[in-house]
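Here is the structure we will look at.
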Amino acid sequence: MSKSRYRVVIAKPGLDGHDRGAKVIARALRDAGMEVIYTGLRQTPEQIAAAALQEDADVIGLSILSGAHNSICPRLMGLLREKGLQDVLVILGGIIPDADLPGLKAMGVAAVFRPGTRMQEIIDFITSSLEAKASGLSSR
Amino acid sequence: MRQFAGFGTPEDTNRRYRELLTAGATGLSVAFDLPTLMGRDPDHPLSLGEVGKCGVNVTSLADMEMLFDGIAVGDITTSMTINSPAPMIFAMYLVVAEKQGADWQTISGTIQNDILKEFIAQKEYIYPPRPSMRLVTDIFAFCEAHVPRWNTISVSGYHIREAGASALQELAFTLRDGVEYVQAGVEAGLDVDRFVPRMSFFFNAHSDFFEELAKYRAARSLWARVMRERFGAKDERSWKLRFHSQTAGVSLTAQQPMNNVIRTALQALSAVLGGTNSLHTNSLDEALALPTAEAATLALRTQQILAYETGVTGSIDPFAGSYFVERLTRDLEQGSEEYFATIDKMGGMVAAIERGYPQREIAESAYRFQQDVERGRQVIVGVNDFVTDDAASVPILQIEEEAGRRQLDNIGRLRRTRHNVAVSRALAKLKKAATTNDNTMPALLDAVRAYATVGEMCDTLREVWGEYQEQAVI
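Same order as they appear, the protein sequences are chains A and B. Note that our numbering has the first sequence beginning at -16, numbered continuously upward. Note that our numbering has the second sequence beginning at 682, numbered continuously upward.
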């Protein structure tokens, strides 16, 4: 049975404090009917994984603008696997160079959204990915 | 024309600075990395992946000595974008000057030192607002006595605007921050006409051409009035609002990045026509990464063309008397006064910040702007209109992970080789200054001389004042 509302943890890892993007997307997802938990600033990968577990998250949305994604994402993905949370959809927003995209995809980041992305595109991506996941499970 | 630079280790950035000075620059502008800005050493867990990324890592006096190795700090001016750990980093610069034999009475430069906009917008705060304000006034008092030519603060609207504020909100919150600092200085027993002339401002140069131009005019007029009427300043230098501008990073797009050159040129023009005292023009690739050397050069050329080819610097306030610009200016002044009244009623800017008022106002504007873009009410060329399928094809600067490893090695070596008893003694003295009303600068200078790290000095004050936790509002 699918849940009535998708639960999304929006997290801002690392030391950067530029939270405009994280806050705008958090509000857009909430307005789109999702249950949004915004962790606030400066979360370690450990704290984000713990929040995802505790909040029973369907999605983790990371906002990283500082260039630290290549250190933070592998750590977080490892922790999610350790906690049995590999089914949580992880998406990333921020300033991410082209060259880093294949590596991020390979470690399990489902999508990367860069500056100028429409909020509707992110909402649609989350909805269709989670619906696909749910139908995949029920047909098993 | 002093372009902001810093990356990797102090050795890396020192090399870039020497090149800049050889090329004719007379000043330097230091960009620090996030661990330094947040008062964390490279070996702290939150520093993972951040060392040397957004700027240069400076952990101790040894790093500051390397940063200015072969550069006579008495002969240049240095601007340092540093806020919460401003007293620690400034103390390091002063000790470098001391060791080079430069006179504190004559050296000059700027520290950003604007903690209020950190709580409002950029969020690089450490301590709660009230002890943070005390560190700011400690610097005012120390500089008045010992470093009289230093610009002690750059009250910044730039980051407030980048976080999503409107032009009016940028203007109103920035000037109200300025009022809060002057009030704090007065309450700390300082004479307005002695410390206010060392204050400067920093505004965003955004895309709405005439509104921006009017914003700078309104800022000058408002500040002069506030200084005369609210604080009774008598010295004309206290009335004058000196300001730096930087074009709007947030307006740059990853799509069709060459368009950013045009955006930046027009934004820069509005700042010049609005009377900016200095300017930073952004590079075309900043929505993608830190700028490459080529992109940074083109940004500088944009300024040079404005300054030397167009003739726009030849007249002061060329739009005075234009009915349209005068009207915009008056509306912005009036709107600011209404914000001032609201914030005054809350008990001042610190109290307003504690209630989340400016943060909420800005988040609201940011969300509204994004909705306008999505609904096509606000056109962004190449993003929601005139879109092409061409992928961005400009070269990107790569920062190596190597800087983090080298700084980790350096800090390990430093902790083994320095006189650790002297460090503990200096930190104990710092703690004592923080718990009393003594100015913290002399204790910080001693800690720096003993090679205490930024993280150690900041932690000492964290023990006394705690860390600020904001209530996140979405």
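We treat Cβ as the ideally placed atom computed from N, Cα and C, and that holds for glycine.
query: Counting only runs that start and end within the stretch 763 to 814 of chain B, where is the beta strand (DSSP E) found for 3 or more residues in a row?
result: 789 to 792
query: So, does the CB of Pro829(B) fall closer than 8 Å to a CB anywhere in chain A?
result: no
- prompt: Gln936(B) and Val1064(B): beta carbons closer than 8 Å?
  reply: yes
query: What is the rounded straight-line gap between the Cα of Gly67(A) and the Cα of Leu75(A)?
result: 20 Å
query: Counting Cβ pairs, one atom from each stretch, are 3 or more of them under 8 Å apart for the stretch 82 to 92 of chain A and the stretch -15 to 2 of chain A?
result: no
- prompt: Does the Cβ of Ala822(B) have 16 or more other Cβ atoms within 10 Å, making it buried, or fewer, making it exposed?
  reply: buried
message: For a cutoff of 8 Å on Cβ pairs, would you count Ile74(A) as touching chain B?
response: no
- request: Please check the pair Val1154(B) and Gly1037(B), which I expect to be a contact at CB under 8 Å, by giving their CB distance rounded to whole angstroms.
  value: 5 Å
message: Within 8 Å, do at least three Cβ pairs link the stretch 797 to 813 of chain B to the stretch 1143 to 1151 of chain B?
response: yes
- prompt: Between Ile106(A) and Ile8(A), what straight-line distance do the alpha-carbon atoms span, to the nearest angstrom?
  reply: 9 Å
Candidates Gly86(A), Gly4(A), Gly16(A) and Ala15(A): closest to Phe96(A) by CA position: Gly4(A)
Sheet register partners of Ser18(A) (DSSP bridge): Here residue 18(A) turns out to be Glu, not Ser, going by the sequence shown. In the DSSP output, where bridge partners are listed per residue, Glu18(A) has Arg(-10)(A).
query: Between Val993(B) and Leu987(B), what straight-line distance do the alpha-carbon atoms span, to the nearest angstrom?
result: 7 Å
task: Mind listing, in chain order, the continuous beta strand (DSSP E) runs of no fewer than 3 residues lying wholly within the stretch 803 to 886 of chain B?
output: 834 to 837 and 880 to 886
message: Could you compute how far the alpha carbon of Ser(-15)(A) sits from the alpha carbon of Ser118(A)?
response: With a pLDDT of only 49 at Ser(-15)(A), under 50, the local geometry of the prediction cannot be trusted, and no value is derived from it.
query: Can you find a CB in chain A that lies within less than 8 Å of the CB of Gln1051(B)?
result: yes
- prompt: By the 10 Å Cβ neighbour count, where 16 or more other Cβ atoms means buried, how is Leu37(A) classified, buried or exposed?
  reply: Inspection of the sequence shows that residue 37(A) is occupied by Gln rather than by Leu. With fewer than 16 Cβ atoms within 10 Å of its Cβ, Gln37(A) is classed as exposed.
Min CB distance Phe934(B) to chain A below 8 Å: The sequence given here places Thr at residue 934(B); Phe does not occur at that position. Closer than 8 Å to some Cβ of chain A, the Cβ of Thr934(B) qualifies, so yes.
- request: Would you mind telling me which residues of chain A sit closer than 7 Å to Gly845(B), beta carbon to beta carbon, in chain order?
  value: Arg3
- prompt: Whose Cβ in chain A lies nearer than 7 Å to the Cβ of Val1064(B)?
  reply: Gly99
message: DSSP three-state label for Ile109(A), please.
response: helix
field: Nearest to Ile801(B) (by Cα), restricted to the options Ala844(B), Ala970(B) and Ser760(B)
entry: Ala844(B)
Three-state class that DSSP yields for Ile1066(B) in the structure shown: Looking at the sequence provided, one finds Asp at residue 1066(B) rather than Ile. Here Asp1066(B) sits in strand by DSSP.
task: Output yes if chain A places a C-beta closer than 8 Å to the C-beta of Gly689(B); else output no.
output: no
task: State the Cα-Cα distance for the pair Arg10(A) and Val19(A), rounded to the nearest angstrom.
output: 8 Å
query: How would you call Ala115(A), buried or exposed, if buried means at least 16 neighbouring beta carbons within 10 angstroms?
result: exposed
- prompt: By how many angstroms is the C-alpha of Gly736(B) removed from the C-alpha of Leu715(B)?
  reply: 7 Å
- prompt: Is Thr1117(B) buried or exposed, if buried means 16 or more other CB atoms sit within 10 Å of its CB?
  reply: exposed
task: Please look up how many angstroms separate the CB atoms of Cys1139(B) and Ile834(B), rounded, as I've assumed it's under 8 Å.
output: Cys1139(B) to Ile834(B), Cβ: 19 Å. No contact.
message: Tell me the rounded alpha-carbon separation between Ala929(B) and Ala968(B).
response: 11 Å
- prompt: If the cut is a Cβ gap below 7 Å, which residues of chain B does Met102(A) touch?
  reply: Gln1051 and Glu1055
Spatially closest choice to His1100(B) from Asp795(B), His725(B), Ala1133(B) and Gly1002(B), by CA coordinates: Ala1133(B)
task: Starting from the beta carbon of Asp107(A), find every residue of chain B whose beta carbon is closer than 8 Å, and list them in chain order.
output: Neighbours of Asp107(A) on chain B: none; closest Cβ ~13 Å, over 8 Å.
- prompt: Going along chain B, which residues have a C-beta under 9 Å from Ser54(A)?
  reply: Leu729, Gly730, Glu731, Glu1082 and Gly1085
task: Scan the stretch 802 to 829 of chain B for residues whose Cβ lies nearer than 9 Å to a Cβ of chain A and list them as they occur along the chain.
output: Ala802, Gln803, Lys804, Glu805 and Tyr806
query: Touch check for the stretch 735 to 754 of chain B and the stretch 685 to 692 of chain B: three-plus C-beta pairs under 8 Å?
result: yes
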